[in-house]
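Enquirer:
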Amino acid sequence: MYTSRQLADLLLSTSFSNKELGQNFIIDDSIIDYIGDLAQLNNPEKGRKILEIGLGPGALTQKLLEYEHQVVGIEIDPSICEHITHVFEKEIKSKKLELIEGDVLNINWPTEITDVVANIPYQISSPLLEKITQICKLGEGPNKCVFMFQEEFAKRVCADNSSDRGPLWVTISLDWEVTLGKKISPSSFKPQPKIDSRIASFSRRDLLNSEQITELLNSKNLEKPNSRLIRAISSASFNQRRKKIRNTLKRQPSKLKIKHGYDPKIWENIVNKAFLMMGDDFSNYRPEQLSLENWIEFSAQIEHYRKEL
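Counting from 1 along the sequence shown, just add 1234 to a position and that's the residue number in the numbering used here.
Put into structure tokens, the structure is as follows:
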């Protein structure tokens, strides 16, 4: 068994960290243990297949391999792949660890992944979450994820404060329940990044079909709205977050097309009717004032009057 610092030193003795790939390696064993606890690695549930993205020196990989779960690692850097192959030669030969060299955003993922655990390069955070969500919509993908994010990004995903709310928060919240974990200082990495980091835990959900939302919509005699509509109106609104939503949504968002069932000629009429049903003050709100339930109910009202007109 190596410490996380020993593994980082071993890797850096033969290669350099690649700034373009956002390589900052964890050298604090307590952080590795904390990630393992959040991922519930000691859960005896059989059949778990855990994907690690960006293996680095292998400290997190080593932690994942302590348990009887199947581990798959995707790594883009050939020099790191060589390092991992050397350090975990026995585990690869015994097929406890499957190592895949490639870009996680551009290759097909292994099937039957149940978990993702990763200290990812921060520049791929948003496209990675988008890819995971797309995979999940196909009926596959993980049920639980644990990520190390840039602190600012993690706050925007979770949005515990209204000032952090944005289109990313709305999009992610439809499919995932996000919990913020520990804040991690730069001193826990080698080389040290210039920003703080944050661990976040994701649990898969279907918010639109949840009991909470079903009861809300039934109480208003509304049907479940299309997630495309929720994403489109929230994105358009947050792109002009200083404006009241009545001004932003006068025009149909560009992401909604006639082929999707939305006609720009009658859009303003539809939205005005939806505003009336949401109450007198609703149209004066700015996007950060709206809760997830507001976005869903407002979208359902738009859908209702689109069908009526």
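All residues carry an ideal CB built from backbone N, CA and C; glycine is no exception. Everything numeric in this text was worked out from a predicted model, so none of it was measured.
1. Is the beta carbon of Asp-1263 less than 8 Å from the beta carbon of Ser-1247?
2. Relative to the C-alpha of Lys-1280, which candidate in Asp-1440, Asp-1409, Glu-1346, Cys-1315 has its C-alpha closest?
3. If you scan the region 1276-1318 from start to end, which runs of the alpha helix (DSSP H) of 4 or more residues do you find wholly inside it?
4. Considering only residues of the same chain and omitting the five flanking positions on each side of Asp-1337, which have a CB-CB separation below 7 Å?
5. Got a sec? Which residues, its chain only, sit under 7 Å from Glu-1385 by beta carbon, not counting five neighbours each side?
6. Compute the Euclidean distance between the alpha carbons of Pro-1401 and Ile-1467, then round it to the nearest angstrom.
7. Please report how far the alpha carbon of Ala-1470 lies from the alpha carbon of Arg-1282, in whole angstroms.
8. Which partner residues does Asn-1353 have in the DSSP bridge list?
9. Determine the extent of the beta strand (DSSP E) in which Arg-1465 is found, giving its start and end residues.
10. Mapping DSSP to helix, strand and coil, what is Lys-1424?
11. Looking at the secondary structure, which residues open and close the alpha helix (DSSP H) in which Gly-1270 lies?
12. Rounding to the nearest angstrom, what Cα-Cα distance links Gln-1474 and Pro-1521 in this structure?
13. Distance, Cα to Cα, Phe-1532 vs Ala-1434?
14. For Pro-1459, tell me which candidate among Leu-1408, Thr-1319, Asp-1267, Pro-1376 has the shortest Cα-Cα distance.
15. Going by the DSSP bridge assignment, what does Arg-1438 pair with across the sheet?
16. At a cut of 8 Å, does the region 1303-1323 reach the region 1367-1376 through at least three beta carbon pairs?
17. Could you check the C-alpha separation between Gly-1290 and Ser-1397 for me, to the nearest Å?
18. List the DSSP bridge partners of Ile-1418.
19. Considering only residues of the same chain and omitting the five flanking positions on each side of Lys-1365, which have a CB-CB separation below 7 Å?
20. Just verifying my parser: in three-state terms, what is the DSSP assignment at Glu-1374?
Expert: Inspection of the coordinates gives the following:
1. no
2. Glu-1346
3. 1293-1299
4. Ile-1310
5. Lys-1417, Ile-1429, Asp-1430, Ser-1431, Arg-1432
6. 9 Å
7. 39 Å
8. Met-1382
9. Not the beta strand (DSSP E): Arg-1465 falls in the alpha helix (DSSP H), residues 1461-1472.
10. strand
11. 1263-1272
12. 9 Å
13. 29 Å
14. Leu-1408
15. Trp-1410
16. no
17. 34 Å
18. Ser-1431
19. Leu-1339
20. coil
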